[in-house]
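Counting in the working numbering, the sequence shown runs from 1 upward without gaps.
Note that beta-carbon positions come from the ideal geometry of N, C-alpha and C, so glycine has one too.
Right, one structure below, let's go through it.
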Amino acid sequence: MTLGAGEVVTIAGAGPAGLAAAITLARAGQPVVVHEAQAEVGHRFQADLQGLENWTTEEDVLTVMQAEGLSTDFR
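What follows is the structure, given as structure tokens:
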């Protein structure tokens, strides 16, 4: 699949895989929008540390996403 310059990639789900994909694409310069049905990021892993076990920064994941130019749509 080839994406056109500036073509927005839509990711369904703000779990670990969706967030990792969104951050990777944004760092490569691709516009990304993440849609999440729940009110919080990683809702499925809320009481489970493995949900973001590979997150290696003290910054909040949403702060990093916003810094990379990612928008969120949590409902």
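Counted within 10 angstroms of its Cβ, other Cβ atoms place residue i as buried (16 or more) or exposed
i: G131; result: Only positions 1 to 75 of the chain appear in the structure, and residue 131 is not among them; the question remains open.
i: E36; result: buried
i: G13; result: buried
i: V34; result: buried
i: L3; result: exposed
i: A67; result: exposed
Residues that residue i bridges to, as DSSP identifies them
i: V33; result: T10 and S71
Residue i versus residue j - alpha carbon distance
i: A22; j: G15; result: 11 Å
i: V96; j: Q30; result: One cannot answer for residue 96 here, as it falls past the ends of the chain, which runs 1 to 75.
i: V32; j: G18; result: 11 Å
i: A39; j: A20; result: 19 Å
i: L70; j: E58; result: 19 Å
Where residue i falls: helix, strand or coil (DSSP)
i: G18; result: helix
i: V41; result: coil
i: L62; result: helix
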